[in-house]
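So the sequence lines, in the order shown, correspond to chains A and B.
To convert a position in the first sequence, counted from 1, into the working numbering, add 3.
To convert a position in the second sequence, counted from 1, into the working numbering, add 3.
A virtual CB, placed ideally from N, CA and C, is assigned to each residue, including glycine.
Taking it in order: structure first as structure tokens, then the write-up.
Protein chains: 2
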Amino acid sequence: MSESRIHNAALRGKIMSADEAAAFIHPGDNVGVSGFTGSGHPKSVPQALARRVTAAAERGETFRVGLWTGASTAPECDGALFKANGVSMRLPYQSDPECRNRINSGEADYTDVHLSHVAQNAAWGHYGKLNVALIEVVAILEDGRLVPSTAVGNNPTWLELADKVILEVNAAQDTRLEGMHDIYNIALPPHRQPIALVAPADRIGDPYLRVDPEKIVAVVETNCSDRDNKFSAPDENSRLIAGHILDFLQHEVKKGRIPANLLPLQSGVGNIANAVMAGLNDGPFDNLTAYTEVLQDGMLDMIRSGKLVCASATAVSLSAKALADLFANMDEYRKSIILRPQEVSNNPEIIRRLGTISMNGMLEADIYGNVNSTHVMGTRMMNGLGGSGDFARNAYLSIFMTPSLAKDGALSCIVPMVSHVDHTEHDVQVLVTEQGLADLRGLSPRQRAKVVIEKCAHPNFRAALTDYYRRAEAGANGKHTPHLLDEALSWHVKVLRDGKM
Amino acid sequence: MSESRIHNAALRGKIMSADEAAAFIHPGDNVGVSGFTGSGHPKSVPQALARRVTAAAERGETFRVGLWTGASTAPECDGALFKANGVSMRLPYQSDPECRNRINSGEADYTDVHLSHVAQNAAWGHYGKLNVALIEVVAILEDGRLVPSTAVGNNPTWLELADKVILEVNAAQDTRLEGMHDIYNIALPPHRQPIALVAPADRIGDPYLRVDPEKIVAVVETNCSDRDNKFSAPDENSRLIAGHILDFLQHEVKKGRIPANLLPLQSGVGNIANAVMAGLNDGPFDNLTAYTEVLQDGMLDMIRSGKLVCASATAVSLSAKALADLFANMDEYRKSIILRPQEVSNNPEIIRRLGTISMNGMLEADIYGNVNSTHVMGTRMMNGLGGSGDFARNAYLSIFMTPSLAKDGALSCIVPMVSHVDHTEHDVQVLVTEQGLADLRGLSPRQRAKVVIEKCAHPNFRAALTDYYRRAEAGANGKHTPHLLDEALSWHVKVLRDGKM
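If you want it as structure tokens, here you go:
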């Protein structure tokens, strides 16, 4: 494929195997890779690097790197490297089981970060020196510009900061991705200017990644699909959650608070978020737009149906079937999709300006509306914060959703006090479970508690929550946010002891 | 004074007593008042309203209103109304003892909100209908435009939303405040545009408040100073905290991460923040700027000394002595001070763009860097969140500070787990106590714990914190953020039982 995808002669001269390329990465290096929610990550060099890690271990040597990404990758990247125990520090969002296990066993450090912050933190040097950028691209132009792949993530920043650059040119990605991206560079203070984006469809940058060609040490040819991000068909709970949200949005439109075509949608990752999109696709709203992180199957369906006229994201995160559909109908889809750096897709300036309707999943919420998105029983990292904080604090409507029960009913997702706080009461306007929707806007904590218990808690746990709340209100030292501190986390303690709340 | 301050003849015809004006306010009304950190609040009508509340109570009737402000007011506003128990719902920030007591006794509801959110939430109707705006001004121009007072706060929004407007024209405020303000209206989505402010000194609006003259039902003349916001002289702890911050900023400049004149400063309210400004006034940095909420005595000193060339805020919050100095030298000071609506002073778009250095106080932090700014022992509201969340998440440097001990050494301000979270680990980059400074940037939770305990905890509690951390690390279900959930809040439980940790 060299001729058809790598149009720059000098860079054709740097084509080599993944193993040869991986030799440019040294123990202790920080490596910035492409990839966001299972798309656009490097497919080949990370596995070669993992082999080097394993070989070093067999010689009794330690070979570990810092691994910085856009968000989650896939088995051939995070999976391979963490299986070999080759990562000392990982940031930001992850979802690979091998990775999660190393983090929770204490073998790897993990820095969870708001996704909009990663690029500027790295540029300021908070994470140390970036030695190598390892970036998947679709093609290399004659003048050396790069056609980005299915995820932009932090690629512009990694290419800028790294001493050495390794490119993977993936023949499995459609060349007609060219032109879909909008790469805009945000300067660091004190040089930062207003970002002139006032609608999701606006283009403010240019479609290519740029890199100093002198820094490119290797070009590796691959032919490997993105992760098959399988979505389950919406189950009863997801349909109920979607239904509550649709009813609420119709009510908001009727009240005149939002336009008939809503405001730009942001939808988190996973099955429930996907089901809500399916609900919107069957719903009464037209001419919708999205300003979001990832475009999942549900949003692609909405583009195909004509419901969604524009989706701005930093990555697609599709099932293999939907990705095939995207590539088969690229000329149509590319009219409606823009992929941006995650510093732009998740930028508070733009989110506040557009006033998104943000819908994100959670692990648990407490009766006062604080949300735990990340820590199982307060200590075990699930996936990380992702962009939920970028959106929740700046959205017009900040909605968090979960089924009311987990672990076959053993756990209530509404608890007296969350075991970890990712989103404070100040950033959570609406909570939704299959039981109902709690509109918390403008309510005090005591008012919120009543609504959350009544609308969102599962009937199996409602009486116990009400009992806790009443005793806390009677007994608490201060009655602004009534708690019994010796009991507030007892539901979680019970789970650790008995396996249920 | 009518002739000299109220230049509009029609409005001169609406001059009346505070008692007459208060008669326009009815039980159940929502009243939006001016005022931010003890400045620019109405001085007379709230007391007249409190008398009506008391008279109603004596007749066996209930008279309560919703009270919306910019931030804290003073005894003649919050104090009088809460003493009479005349407020059902209060928002956002407050600091009056009468107000705090009603909130913590459960007699009044309180909605704590990011200060940048108040105007848009009110405009969207989340708090219900605004019936009356009660606004202090310095003068009324012939064409009806209003010269704002020492605080802008949410005044433009209250004037826009309210059915009826009552103006207090305060002869104690210097008429040369005219021209100091920059009133800029931020539209609601989907009509919001970029805010074209790229430096703290930029002016993007105009100096006057506007209001439909038909809505003005009363004009009340007052002559009463703002609250005397007394600051104690910096004590040893404050000087040490300031010293750690100065050392750190010098280190950042040396590393090339921030310019020699730093980045725009944001400083929270209170004595420690004021002491840090005193430290900066004696420090090595010149040509400083501030983009902040309130201008306290320390910043005024820095303007006088020439260290601070521009301060943008939404209010001044000065001691009586400093306010007299401001008024005595107004022609000089006004060159360097701009007062804006709090939706602009606290806007995430601008804060992220400018990359402020934000320094805010806190009640307690935990070993993982989560911060409690508001809730004593998890339940008692102190003052509220203020703008700390607007700044902490969007600043370039987000610094939180407190002495390491409280209550004469009975309490450690560094605890295993905070009893309430206002700022998550993701928004806290630097923690400072008199003991030292913990730079948490780029660290995982386990790495943070070691630094926080070593640098910030008081020696009296360091061993106990280390012991907790070690046992948590050994015993926790997941080791990403090690906790022992049955013990995490035990330090607070002990305080409630024994009065000490």
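Task: Closest Cα partner of P344/B within the set F403/B, I198/B, I417/B and S447/B - done: P344/B has its Cα closest to that of I198/B, out of F403/B, I198/B, I417/B and S447/B.
TODO: List the endpoints of the continuous alpha helix (DSSP H) containing G364/A.
DONE: Note, G364/A: premise wrong, no alpha helix (DSSP H); beta strand (DSSP E) at I360 to G364.
TODO: Pull up the CB-CB distance for T427/B and V433/A, whole angstroms please, since I reckon it's below 8 Å.
DONE: 20 Å between Cβ atoms; not a contact.
Task: Closer than 7 Å to chain B by CB, K482/A - done: Closer than 7 Å: yes.
Open item on the list: Check whether chain A comes within 7 Å of M333/B, counting only Cβ atoms and requiring the distance to be less than that.
Closed with: M333/B does not count as touching chain A.
- [ ] Return the CA-CA distance between M183/B and L212/B, expressed in angstroms with no decimal places.
- [x] 12 Å
TODO: Buried or exposed for T178/A, please, with buried defined as at least 16 other CB atoms from any protein chain shown within 10 angstroms of its CB.
DONE: exposed
Task: T317/B at chain A interface by Cβ criterion, 7 Å - done: no
Task: Start and end residues, beta strand (DSSP E) containing Y294/A - done: L291 to Y294
TODO: Provide the residue span of the beta strand (DSSP E) that contains P151/B, from first to last.
DONE: L149 to P151
Task: Residue environment, A87/A, which counts as buried when at least 16 other CB atoms sit within 10 Å - done: buried
TODO: Classify G481/A as buried or exposed, calling it buried when 16 or more other Cβ atoms lie within 10 Å of its own Cβ.
DONE: buried
Open item on the list: Any C-beta of chain A within less than 8 Å: which residues of the segment 356-389 of chain B qualify?
Closed with: R356, L357, G358, N373, H378, V379, M380, G381, T382, R383, M384 and L388
Open item on the list: Does any residue of chain A have a CB that is nearer than 7 Å to the CB of A479/B?
Closed with: It does: the Cβ of A479/B has a partner Cβ on chain A nearer than 7 Å.
- [ ] Please list the segments of the alpha helix (DSSP H) lying wholly inside the segment 191-273 of chain B, counting only runs of 4 or more residues, in order along the chain.
- [x] 239-257
Open item on the list: Taking its Cβ as the centre, do 16 or more other Cβ atoms sit within 10 Å of I207/A, making it buried, or is it exposed?
Closed with: exposed
- [ ] Identify every residue that forms a DSSP beta bridge with H184/B.
- [x] Answer by DSSP bridge pairing, in chain order: L342/B.
Open item on the list: Counting only beta-carbon separations shorter than 7 Å, does P517/B have a partner in chain A?
Closed with: Outside the shown range of chain B (4 to 504) lies residue 517/B, about which nothing can therefore be said.
Open item on the list: Between Y472/A and chain B, is any beta-carbon pair separated by less than 7 Å?
Closed with: For Y472/A, the nearest beta carbon of chain B is not closer than 7 Å to its own beta carbon.
- [ ] Identify the continuous beta strand (DSSP E) that holds V48/A and give its terminal residues.
- [x] Run containing V48/A: none in the beta strand (DSSP E); it sits in the alpha helix (DSSP H), V48 to E61.
Open item on the list: So V496/B contacts chain A; which residues on that side make the cut at Cβ distance below 7 Å?
Closed with: L488 and D489
TODO: Look up A74/B in the DSSP assignment and say whether it is helix, strand or coil.
DONE: coil
Open item on the list: For D300/B and V431/A, I'd like the C-alpha separation in whole angstroms.
Closed with: Here the C-alpha atom of D300/B lies approximately 35 Å from the C-alpha atom of V431/A.
Open item on the list: Between M365/A, S7/A, G73/A and V116/A, which has its C-alpha nearest A506/A's C-alpha?
Closed with: With chain A running from 4 to 504 in the structure shown, residue 506/A is simply not present.
Task: 7 Å Cβ cutoff met for F251/B and L440/B - done: Yes, the Cβ-Cβ distance between F251/B and L440/B is below 7 Å.
- [ ] May I ask which residues mark the beginning and end of the alpha helix (DSSP H) holding F330/B?
- [x] From DSSP, the alpha helix (DSSP H) with F330/B extends over A323 to A331.
Task: Contacting residues, own chain, Cβ-Cβ under 6 Å from S263/A (five flanking each side not counted) - done: Sequence inspection shows Ala at residue 263/A; the Ser mentioned does not correspond to that position. The answer, listed in chain order, is V256.
Open item on the list: Relative to the C-alpha of I18/A, which candidate in N157/A, A202/A, E224/A and Y130/A has its C-alpha closest?
Closed with: E224/A
Open item on the list: Across the segment 113-132 of chain B and the segment 149-164 of chain B, are there enough close Cβ pairs to call them in contact, namely three or more that are closer than 8 Å?
Closed with: yes
- [ ] Can you tell me which of the three DSSP states Y113/A falls into?
- [x] Assigned with DSSP and collapsed to three states, Y113/A falls in strand.
TODO: Name, in chain order, the residues that DSSP records as bridge partners for V319/A.
DONE: L298/A
Open item on the list: With distance defined between alpha-carbon atoms, name the residue in H194/B, I189/B, L200/B and P193/B nearest to P193/A.
Closed with: L200/B
- [ ] Please list the residues of the segment 125-149 of chain B that have a C-beta atom closer than 8 Å to any C-beta atom in chain A, keeping them in chain order.
- [x] Across the segment 125-149 of chain B, CB contacts with chain A closer than 8 Å involve W127, G128, H129, Y130 and G131, in sequence order along the chain.
TODO: Identify whether V433/A lies in helix, strand or coil by the three-state DSSP scheme.
DONE: strand
Open item on the list: 7 Å is my cut-off, CB to CB: does H117/A come that close to chain B?
Closed with: yes
- [ ] Note down, in chain order, each residue of its chain lying with its Cβ closer than 8 Å to the Cβ of V279/B, except the 5 sequence neighbours on either side.
- [x] S241, I244, A245, I248, S270, G301, M362 and M404
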